[in-house]
Amino acid sequence: MSINDKTKWRENELSYEQVLDKYPDIPPIVALKIDVSRRGISYTDKAFAKVDPNVHHVEPYDYMIGHGQNVSPIGLFLRDGSVICQAHSKVYDWTYRDPYILDVVDDKLVIVDNDKVYEEAWFWEKPDFYDKFTSNGTPMRMVASARPQRITIAPATKCHFWDNPKEGCKYCALFSGHRAANDEGDIRDDKWFQDVEETVKEAIKQKGRYASYHMTAGSTLSGAEIFDDEVDLYINTLHAAEKAFKVKKFPVKLVASAFSKKQLRRMYEETAITTYTTDLEVLNKDLFGWVCPGKAKHVGYEEWKQRLYDAVEIFGRGNVDCGIVGGVEMAQPNGFTDEKEALKAVLSEAEEIASHGVSFAECVWNTLPGAIFMRQKTPSLEYYVQLALGLAEVRRKNGLNIYTDDYRRCGNHPNTDLARID
Ligand code: SF4
């Protein structure tokens, strides 16, 4: 297949409709969300004309992953309240599959593929705090971001696994703008913590919007023990946010590095958090070393797993999640070449890890500009659907919750979307 032919793949993969026929347990909206996440979605001019920056959540710069537009909404709603965390997708020479199209038909925003309308969609609404400023004069949109149902703070936008070139995770485009910057990272002084406190206080004035507070950052390796400085930063940021609440514990989704038992105890005892997520990313020891060389070098696959199990001792079964980048096990040249083999291996490892009380939060691997893997080919929709169904079954069989990573509080994981039909 020519690298410029974006439609040829359709001859070799089951279509969306064929996948629904073959896997009747997958809700059509979840399958569509997976496919849009996998292939991306390009906005037509008519769709862009529907964007109202006074009403919709747009980001004026390449926020988090870089969408290549000056201004774009960063996500869509579907009619059942599901979210698709996708900005406008640019099509590059190396883009393997043509993306879905976001168009306007009968004055409605709709998701289209091959001239067929699949679902109506809506842009996320702008958070009320977005146009406000802290008493320090900082725009609150620079302090926090939001999904429709959660507020997000990223205390550090530099991931220090990239300090040694190419040791970051190969699929990752997160904070890629800050990756090569010759600095220590963001300045998080008293002024910034005050900005956090004021922004969270302002955000929660919007009644009914937020079901959880989310925090994630690039990994910080420094400290007496690896990640000590990262732990301190999360604790201090949470203490600033906690001033907005009148209770000791509230729903916090923390996605962080793999902390030691001592660090996990500090997080649990000193802050509001009740759940913890740390990401093995790819459920295979050898592939982990290739895909996530920094994580493998500084912690290691077995130790990362052990730290997940240690976290279960502190947070309880089902309150610890392992993030994975579903599909990246098929990256080449070292990944699986057969989808059946890949699925069997991933689900078997997932079963072993879940038996220790760990749930999974699966993201759909897509090839983003800024990632080392940006020219790779991701697996078929059929593969992703089987993976989501398989991981949901692993969670059910092991009697595990999925709380802060579920559709209501996160909304970015096909396997946890399926928890709503348990
Ligand atoms: S740990 Fe890996 S996935 Fe997370 S920000 Fe760093 S490079 Fe990206």
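Throughout, the numbering used here is defined as the position within the sequence shown, counted from one, plus 65. By construction, the Cβ of each residue, glycine as well, lies at the ideal position given by its N, Cα and C atoms.
Beta-carbon contacts of Leu352 that lie in its chain and below 7 angstroms, excluding the five residues immediately before and after: Excluding positions up to five away in sequence, the list reads Glu394, Asn399 and Gly400.
Given a threshold of 16 other Cβ atoms within 10 Å of its Cβ, counted over all protein chains shown, does Gly476 qualify as buried or as exposed? Burial check for Gly476: the Cβ neighbour count within 10 Å reaches 16 or more, so the residue is buried.
Count the C-beta pairs between the region 324–336 and the region 191–211 that are closer than 8 angstroms, then say yes if the count reaches three, no if not. Using a Cβ-Cβ distance cut-off of 8 angstroms, the region 324–336 and the region 191–211 are not in contact, since fewer than three pairs of beta carbons, one from each stretch, lie closer than that value.
Return yes when the C-beta of Phe226 is under 6 angstroms from any heavy atom of the ligand SF4, and no when it is not. Because some heavy atom of the ligand SF4 lies under 6 angstroms away, the Cβ of Phe226 counts as near it: yes.
Starting from Arg215, trace the beta strand (DSSP E) both ways and give me its first and last residue. Arg215 to Ile218 is the extent of the beta strand (DSSP E) around Arg215.
Could you pull out every residue in the same chain whose Cβ sits closer than 6 angstroms to the Cβ of Leu452, ignoring the five residues on either side in sequence? Around Leu452, the same chain offers Gly391 as residues with beta carbons nearer than 6 angstroms, after the five sequence neighbours per side are excluded.
Report the start-end ranges of each alpha helix (DSSP H) in the region 127–180 that is 4 residues or longer and not cut off at the edges. Complete alpha helix (DSSP H) runs here, min 4: none at all.
Between the alpha carbons of Tyr128 and Tyr448, how many angstroms are there, rounded? Only weak support exists for where Tyr128 lies, its pLDDT of 45 falling under 50; the coordinates are left without a value.
Say the cut is 6 angstroms; is the CB of Ser284 nearer than that to a heavy atom of the ligand SF4? Checking the Cβ of Ser284 against the ligand SF4 gives yes.
May I ask you to verify whether the region 476–486 touches the region 107–127, counting CB pairs closer than 8 angstroms and requiring at least 3? Taking one beta carbon from each stretch, the region 476–486 and the region 107–127 have fewer than 3 pairs nearer than 8 angstroms; the two do not touch.
For Cys23, verify whether its CB is less than 6 angstroms away from any heavy atom of the ligand SF4. The requested residue 23 is not part of the displayed model; the chain covers only 66 to 487.
Drop a sphere of 10 angstroms on the beta-carbon of Trp159, count the other beta-carbons inside from all chains shown, and report buried for 16 or more, exposed for fewer. Exposed is the call here.
Give a single yes or no on whether Cys234 has its beta carbon closer than 6 angstroms to a heavy atom of the ligand SF4. Yes - the ligand SF4 has a heavy atom lying nearer than 6 angstroms to the Cβ of Cys234.
Given a cut-off of 7 angstroms, decide if Tyr183 and Leu85 are closer than it, judged by their beta-carbon atoms. No, they are not a contact pair.
Quick one: does the C-beta of Cys237 sit closer than 6 angstroms to a heavy atom of the ligand SF4? Yes, since a heavy atom of the ligand SF4 falls inside the 6 angstroms radius drawn around the Cβ of Cys237.
Given a threshold of 16 other Cβ atoms within 10 Å of its Cβ, counted over all protein chains shown, does Asp403 qualify as buried or as exposed? A residue is called buried once 16 or more other Cβ atoms fall within 10 Å of its Cβ, and Asp403, having fewer, is exposed.
Please name the residue, chosen from Val120, Gly435 and Glu416, that lies closest to Phe188 on a Cα-to-Cα basis. Per the Cα distances, Val120.
Roughly how many angstroms lie between the CA atoms of Asp470 and Glu368, to the nearest whole one? Cα to Cα, Asp470 sits roughly 23 angstroms from Glu368.
Mind checking who Gly388 pairs with in its DSSP beta bridge? Ala426.
Three-way DSSP call (helix, strand, coil) for Val182 in this model: Strand, per DSSP.
Report yes or no: is there a C-beta of chain C within less than 7 angstroms of the C-beta of Trp227? The structure shown has no chain C; it contains just one protein chain.
Would you call Gly131 buried or exposed, if buried means 16 or more other Cβ atoms sit within 10 Å of its Cβ? Since pLDDT at Gly131 reaches only 41, below the 50 mark, its modelled position is unreliable, and no value is offered.
On the DSSP letters alone, give me the boundaries of the beta strand (DSSP E) that Ser413 sits inside. Per DSSP, Ser413 lies in no beta strand (DSSP E); the unbroken alpha helix (DSSP H) holding it starts and ends at Glu404 to Ala419.
Sheet register partners of Arg212 (DSSP bridge): According to DSSP, Arg212 bridges with Arg215.
My output table needs one value for Phe188: the three-state DSSP class, helix, strand or coil. Strand at Phe188.
Given a cut-off of 7 angstroms on the beta-carbon distance, is the pair Val450 and Ile166 in contact? No, the pair does not count as a contact, with Cβ atoms beyond the cut-off.
Just to confirm my understanding: we take Arg103, look at its own chain, exclude 5 residues before and 5 after, and list those with CB closer than 7 angstroms. What are they? Contacts found: Val429, Asn431, Thr443, Leu446 and Tyr449.
Close Cβ partners of Lys266 (< 7 angstroms) along its chain, the five nearest in sequence each way excluded: Correct list, in chain order: Ala309.
So for Glu458, helix, strand or coil by DSSP? Collapsing the DSSP output to three states places Glu458 in a helix.
Rounded C-alpha distance that separates Glu414 from Glu263: So the alpha carbons of these two residues sit roughly 43 angstroms apart.
Look up Phe7 in the DSSP assignment and give the residues it is bridged to. Any question about residue 7 goes unanswered here, given that the chain covers just 66 to 487.
For Ala114, name the three-state secondary structure that DSSP assigns. Note: Ala114 maps to helix in three-state DSSP.
Tell me which same chain residues have a C-beta within less than 6 angstroms of the C-beta of Asp163, skipping the five on either side of it? Same-chain partners within the cutoff: Lys71 and Thr72.
Assuming Phe425 and Arg460 form a contact by the criterion Cβ under 8 angstroms, report the distance between their Cβ atoms to the nearest whole angstrom. Rounded to whole angstroms, the Cβ separation of Phe425 and Arg460 is 7 angstroms, and the two are in contact under 8 angstroms.
Helix, strand or coil: which one does DSSP assign to His225? Helix at His225.
Going by C-alpha distance, which of Ser284, Tyr195, Lys311 and Val312 is nearest Tyr299? Nearest C-alpha to Tyr299: Ser284.
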